[in-house]
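**Q**
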Amino acid sequence: MQARRLDTSVLSGEISRLEMELRAVHEARARDAAAQEAETQALLAQLASSLATAETERRRSEAEATTARLQLGKAEAEVTTARLQLVQVEEAARAKLDAMEKTLEREAMAEALMAREAAGRRAERAGYLPNRHALSTTPNRHAHRVSASSFFQQRRPARAAMRRDSTLMYLPNGGKFAIVET
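In structure tokens form, the structure reads like this:
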């Protein structure tokens, strides 16, 4: 009986020791699990921070790209506006130049007409009369002489008496004629 008690006490001691070892193993495992959980939580927090940073960077990059696209669109619009303004300025300058050319042509024609009229008046005062019939009756290449008295009798009888002894000369330079005293 005593051997049985001894076996029982040995067995109880052994069970107690095994329970203590098992408790120690459980505690060690719990500590390891807690440490691993803490490490996992730290890694997850670090990963979440990295993801948040990456997302912030992505959004910032997208915002910069959008801003750059907007600035590019604005610059393209400004270039288009500048081109349109340049075309308008060129057209306005062309129109102004055309108007100035037409004005200058009109002024030159008016000056030439006034000069022609003044030259005709001077020629008439000097005794030269315009030949209004030379182009239709005579070739322009040759000068033809006509009696002044017959010319004046046909066209201006009042002056015929003044210039009976003159000769009328048709000139080839555009139908002018001169009265030459004979």
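Residue 1 is where the sequence shown starts when you use the UniProt record's numbering, and the numbers rise one by one after that.
Using N, Cα and C, we set each Cβ at its ideal position, and we do this for glycine too.
Note that this is a predicted model, so its numbers are computed, not measured.
Alpha carbon to alpha carbon, what distance is there between residue 107 and residue 119?
**A** Here residue 119 is taken as the residue at index 119 of the sequence shown, counted from 1. Here residue 107 is taken as the residue at index 107 of the sequence shown, counted from 1. Roughly 18 Å between the two C-alpha positions.
**Q** What does the alpha-carbon distance come out to for the pair residue 244 and residue 122?
**A** This structure does not reach residue 244, given that the chain is present from 1 up to 182, and the question cannot be answered.
**Q** According to DSSP, simplified to helix, strand and coil, what is residue 144?
**A** Against the sequence shown, residue 144 aligns to sequence position 144. A caution first: residue 144 carries a pLDDT of 48, below 50, which makes its placement in the model too unreliable to give a value.
**Q** When you compare only the Cα positions, how much space is there between residue 19 and residue 13?
**A** Working through the sequence shown from its first residue, we reach residue 19 at position 19. Working through the sequence shown from its first residue, we reach residue 13 at position 13. Taking the straight line from one Cα to the other gives about 10 Å.
**Q** In whole angstroms, give me the CA-to-CA distance for residue 17 and residue 23.
**A** Sequence index remark: in the sequence shown, residue 17 carries index 17 (1-based). Sequence index remark: in the sequence shown, residue 23 carries index 23 (1-based). Straight-line Cα distance between these residues: approximately 10 Å.
**Q** Suppose you measure from the CA of residue 80 to the CA of residue 104; what does that come to, to the nearest Å?
**A** Looking up residue 80 in the sequence shown gives position 80. Looking up residue 104 in the sequence shown gives position 104. Rounded to whole angstroms, residue 80 to residue 104 spans 35 Å at the Cα level.
**Q** Determine the direct distance from the alpha carbon of residue 50 to that of residue 75, and round the result to whole angstroms.
**A** Counting from 1 along the sequence shown, the entry for residue 75 is found at position 75. Counting from 1 along the sequence shown, the entry for residue 50 is found at position 50. So the alpha carbons of these two residues sit roughly 36 Å apart.
**Q** Can you give the Cα-Cα distance for residue 25 and residue 15, rounded to whole angstroms?
**A** The residue labelled residue 25 in the question sits at position 25 within the sequence shown. The residue labelled residue 15 in the question sits at position 15 within the sequence shown. Approximately 15 Å between the Cα atoms of the pair.
**Q** Have a look at residue 27 and residue 67 and give me their C-alpha separation to the nearest angstrom.
**A** Your numbering for residue 27 matches position 27 in the sequence shown. Your numbering for residue 67 matches position 67 in the sequence shown. Residue 27 and residue 67: Cα-Cα distance of roughly 59 Å.
**Q** Straight-line CA distance for residue 152 to residue 100?
**A** In the sequence shown, residue 152 corresponds to position 152, counting from 1. In the sequence shown, residue 100 corresponds to position 100, counting from 1. Its pLDDT being 48, under 50, residue 152 is placed unreliably by the model, and the measurement read from it follows with that caveat. Residue 152 and residue 100: Cα-Cα distance of roughly 46 Å.
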